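Heads up, the sequence shown is in the numbering used here, so the first residue is 89 and it goes up one at a time.
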Amino acid sequence: MTIRWGRVALITTGVLVLVGAAALIAPRMDAERMRAPLSVALEETLGRKVEFREVHYQILPTPGLSAIDLVIPDDPAFGLEPLAYVGEMQAGLSFSSLFSGRLSISSVRLLTASVNLTRREDQGWNLARLLQRMAAGVTKSGSAPRIAISEGRVNFKNGTLKSPFYLNAVDLELQPPAAGGGALEWRYEASPARTDRSEQGFGRFSGGGKWRPGAGGEETWPST
């Protein structure tokens, strides 16, 4: 069989043009009818209700939905300030959503997110509480999305007191466990910084670790 490379190139170019056009048009299409399904899917993923201002379709980097000005509330035991403010959240949809009629999220990317990590003497860390809820969701549904933060910021709080130290330009990836009871793994890069200095960061470091809920509470095995 003779391969007509000119035709292959023409078809490939046409496909790329269509994908590019769809990527430009999709964010401008009204996706308000997807607000409720997206809210439910995010609540199942995070174990708590979230709020967002707008919702749009997206083609790139993965087909799915994007939410603008997302607010992830914190557990009330850690205070009234939200766990995270997110400029844009990109949610990739799993292939099964096309056939089940039920929105299923395969990946979550948070852009320009500001996260508040809070510790209380009687409660531990708020992030551990969130991870416990997400682990319970994995046990119930059998799956969980990959979560990533790009160019984020992480603030540290001890009770209601916010530390002058924070992490800037944070790139973080969370890989969920393959099954309930498994370990959640993470990798990160960040620049340490201070609110009382004009510099946006001094140096950059990276590391990783994993976490799984133990019988008597949360357990962690960090590595760098």
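Where is the CB? At the ideal position from N, CA and C, for every residue including glycine.
These figures come from a predicted structure and were not determined experimentally.
Host alpha helix (DSSP H) of Ala124 (start-end): 123-134
Within 8 Å, strictly: CB atoms of Phe293 and Ala278: yes
Nearest-angstrom Cβ-Cβ length linking Leu262 and Ala179, presumed shorter than 8 Å: Not confirmed; about 14 Å, so no contact.
CB of Gln198 within 8 Å of CB of Met222, strictly: For the record, residue 198 in the displayed sequence is Leu; it is not Gln. It is not a contact, given that the beta carbons lie outside the stated cut-off.
Beta-carbon spacing of Val196, Pro233 below 8 Å: yes
Alpha-carbon spacing of Lys298 relative to Tyr276, whole angstroms: 12 Å
Straight-line gap, Met122 to Lys137 (C-alpha atoms, nearest Å): 16 Å
Contact set for Leu205: own chain, Cβ-Cβ below 8 Å, skip 5 residues either direction: Trp213, Asn214, Leu215, Val242, Asn243, Phe244, Lys245
Beta-carbon proximity check, Ala257 vs Pro265, cutoff 8 Å: no
Residues near Glu131 in its chain [Cβ-Cβ closer than 8 Å; skip 5 each side]: Lys137, Val138
Secondary structure of Arg190, DSSP reduced to three states: coil
For Pro164, three-class secondary structure by DSSP: helix
Separation of Pro170 from Ala201, as counted between CA atoms: 12 Å
Straight-line gap, Ala119 to Asp210 (C-alpha atoms, nearest Å): 42 Å
Chain-order list of residues whose beta-carbon lies under 8 Å from that of Val159 (same chain, five-residue window excluded): Val138, Glu139, Phe140, Pro170, Ala172, Tyr173, Val174
Through-space distance from Gly240 to Arg300, alpha-carbon basis: 24 Å
Proximal residues to Trp207 (C-beta, below 6 Å), its chain only, five neighbours per side dropped: Just to set this straight, residue 207 is Arg in the shown sequence, not Trp. Cβ within range, chain order: Trp213, Asn246.
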